[in-house]
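Residue numbers (my numbering), protein chains in the order written: chain A, 1458 to 1692; chain B, 801 to 1168. Backbone N, C-alpha and C define an ideal beta-carbon position, used for all residues, glycine too. The structure presented is a predicted model; accordingly, all values stated were derived computationally and were not measured.
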Amino acid sequence: MMLEITDLKVSYGAIQALRGIDLTLNEGEIVALIGGNGAGKSTTLQTISGLLKPVSGSIRFLGDEIIGVAPQEIVARGIIHVPEGRRIFSSLTVEENLEMGAYLQRDKIAKQRTLEEAYVRFPRLKERRKQAGGTLSGGEQQMLAIARAIMAQPKLLLLDEPSMGLSPVLVEQIFDIIESINDQGTSILLVEQNAQMALSIANRGYVLETGGIVLSGEAESLLHDPMVIEAYLGG
Amino acid sequence: MTALSSVSFKTPQLVARIIRSVIGIIVVVWAAMRIYNVLFVNQAYGLDTWVRFGITGLIIGGMYALIAIGYTLVYGILGMINFAHGEVMMIGTFGGYFVLEALAAIPAPTLANPDLNFLNAQPLLSILLAFLAGTLAASLMGYLLEKIAYRPLRNAPRLAPLISAIGASIFLQNAVQLLFSPQLRDYTNPDALARGTGWSIEIAGSQVLVTYTGVLSFVLSILLMVGLYVLVQKTRIGRAMRAVAQDKKTAALMGVDVDAVISQTFIISGALAGAAGVMWGIHNGLVYYFLGFIPGIKAFTAAVLGGIGNIPGAMLGGLVLGLVESIGPAALGIDFQLKDVIAFLILVLVLIFRPSGLLGAASVEEKL
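Laid out in structure tokens, this is it:
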């Protein structure tokens, strides 16, 4: 098992954001975590990547406990988190953003190779590589955020709302890219409000509501679950 | 009701703008009249004198620029003003001083000159060692300062680290006073770099002295600025610094050790201030516990003048401030002792009229 979360509890002061969730992810899977605003989806990802310290619980990655491990060490172990809102370094150029993605890769030749690969996958970014990240459009910024994450050659990719603020055409493109990244062997934990899209590419899914998991199962069966249809797929 | 409230909201702003404009016009007109008077009516100074002032300004300005970069780097990364930065520079001056003293005490006799010491036998190497020591001492000081005085307050309200900085500044002055006594000491230069010696150039029929220490300081400060620019723009450390300045959380998600980058920022700031400190010593000649205060606060002025958080701004601000305070008193026809007043008047004027500084906005997103 690649990722195993057991009874994870996270609080912001007195407010309990996660009330003991269990979640697993097998190697090679795409797992979708869906739910409304404030359900605790982003909190889950931030806790996995070490930005938030949980109150209790356990997160095991490839068998090792990673709670209490520093964020940069978690990155080094192969978990890359693409945060909500893309978080491009807007004053750095596109290429510098990509190089930040491979920050822990000391081998210059290997870094150059991953950069070339990223440019093959995202030719648009190559055209704009000398441009400041902040000058890109929303869709390009999302491409850059994903490309930057791939630069680290992650074992597990955490994606937070990759479809946010994008037109339907761009959402299709982004999800195609996510699938192709998965095809090349990267496991993906996908947080989405767009449940339809997320479940259509995922193997399995979890439904999060006010800090607790209320439903989980095969993505296909969730897509046809009356509760999911009612709450997240627009009835 | 809405009209009334909008009026009552706008009136103070309008009054403030009018007051600002009036002050601005008065200052500009007054300065223009004085300068006109000096240049065309009195003609008190010849070209040679202006060149002398200009040279002095550039030399001191280079030192201000190096120190100002430290204020700007730290502000860019932590959003705080490191008011103990002048003391970091002072530690650098002392570091260089002790090395030069020690080298002067090492005998290196030759047949021709049995009294020769190491300092004069190897002046270049000695100066290099002095700069190395000053830079190392100040970097270490910057590193410790952050670790002890600022890191525990990382998530505290903004005022707390500011007060801690002022406390650290007072502590360092007093610690140095206790350790090395409050007396003023002469900086020991090698004879080849004695203060007041240099090249003489002829301008408008007069001899203008370009001191060796001044040229050394200026050239070195330009080299260090170029080096810093390359470091920040072209290297992995520099990229990480810019990323951290912009977004600490996302930088951490890239695998950047944010605390380490903050430490590196203080080390680099300290190194530049330390180099400026040694220049200050060899060029101006005195070392004592309080010497960091004035250049520190002047360099802060320079950083604000250039636009706090903006590295080229700090460089430009330093040079401009050095020139203005050197040329200013003569150009305005006022007492030379008022040069500090000019510097701080500039600080006040910049804060009133252009808080974002000469090189414009160090906006939240584009701090470095």
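Check	Outcome
Reduced DSSP secondary structure (H/G/I, E/B, other) of B:Thr802	With a pLDDT of 44 at B:Thr802, under the threshold of 50, the predicted position of this residue should be treated as unreliable, though the coordinate-derived value follows. Helix.
Distance between B:Ala1071 and B:Ser939 (C-alpha atoms, nearest Å)	5 Å
Alpha-carbon spacing of A:Gly1662 relative to A:Ile1524, whole angstroms	23 Å
6 Å CB neighbourhood of B:Ile859 in its chain, flanking five on each side removed	Gly1014, Ser1017 and Phe1018
Residue ranges of each alpha helix (DSSP H) within the segment 1529 to 1591 of chain A, 4 or longer	1551 to 1558, 1565 to 1578 and 1580 to 1584
Positions along the segment 1542 to 1557 of chain A whose CB lies within less than 7 Å of some CB in chain B	Arg1544, Phe1546, Ser1547, Ser1548, Leu1549, Glu1553, Glu1556 and Met1557
The segment 853 to 871 of chain B / the segment 1034 to 1051 of chain B touching (three or more Cβ pairs under 8 Å)	no
Chain B contact residues for A:Pro1540, given Cβ-Cβ distances below 8 Å	Lys1049, Thr1050 and Leu1053
Below-8 Å beta-carbon distance, A:Pro1683 vs any chain B residue	no
Within chain B, the residues that A:Val1532 reaches when beta carbons sit closer than 9 Å	Ala1052, Leu1053, Met1054, Gly1055 and Val1056
Cutoff 8 Å: B:Ala1143 Cβ touching any chain A Cβ	no
Environment of A:Asp1633 [buried if 16+ CB atoms lie within 10 Å]	exposed
Rounded C-alpha distance that separates A:Pro1511 from A:Thr1504	7 Å
Three-way DSSP call (helix, strand, coil) for B:Ile963 in this model	helix
Min CB distance B:Arg1039 to chain A below 8 Å	yes
Residues in the segment 1633 to 1662 of chain A having any Cβ partner in chain B nearer than 7 Å	none
B:Ala1043 at chain A interface by Cβ criterion, 8 Å	yes
Cβ neighbour criterion (16 or more within 10 Å) applied to A:Val1577	exposed
Buried or exposed (CB count within 10 angstroms, at least 16 for buried), B:Ser981	exposed
Rounded separation between A:Leu1615 and B:Thr872 - CA only	35 Å
Within chain A, the residues that B:Gln783 reaches when beta carbons sit closer than 9 Å	In the structure as shown, chain B starts at 801 and stops at 1168, and residue 783 of chain B therefore has no counterpart that could be examined.
C-alpha gap between B:Arg834 and B:Asn1110, whole angstroms	32 Å
Burial state of B:Leu1168 (16 or more Cβ within 10 Å)	Note that B:Leu1168 scores 43 on pLDDT, short of 50, meaning its location in the model is unreliable and no value can be drawn from it.
Boundaries of the beta strand (DSSP E) in which A:Arg1517 is found, first to last residue	Ser1513 to Phe1518
Selection of the segment 1505 to 1538 of chain A by Cβ proximity to chain B, strictly under 7 Å	Ser1506, Leu1508, Pro1528, Gln1529, Val1532, Ala1533 and His1538
Bridge partners - B:Val770, DSSP secondary structure assignment	Residue 770 of chain B is absent from the model: chain B starts at 801 and stops at 1168.
8 Å Cβ cutoff, A:Ser1474 in contact with chain B	Inspection of the sequence shows that residue 1474 of chain A is occupied by Ala rather than by Ser. No, no contact with chain B.
Min CB distance A:Ala1575 to chain B below 8 Å	no
Below-8 Å beta-carbon distance, B:Gln1046 vs any chain A residue	yes
A:Leu1561 to A:Ile1645 span [Cα, whole Å]	21 Å
Where A:Glu1618 sits in the DSSP three-state scheme	coil
Rounded C-alpha distance that separates B:Leu1009 from B:Thr997	8 Å
Alpha-carbon to alpha-carbon, B:Phe1100 and B:Leu936	22 Å
Pairwise C-alpha distance: A:Ser1620 and A:Leu1555	20 Å
Buried versus exposed, by CB contacts within 10 Å (16 or more), B:Gly846	exposed
4 or more residues per run - each alpha helix (DSSP H) lying fully within the segment 1645 to 1680 of chain A	1652 to 1658 and 1676 to 1680
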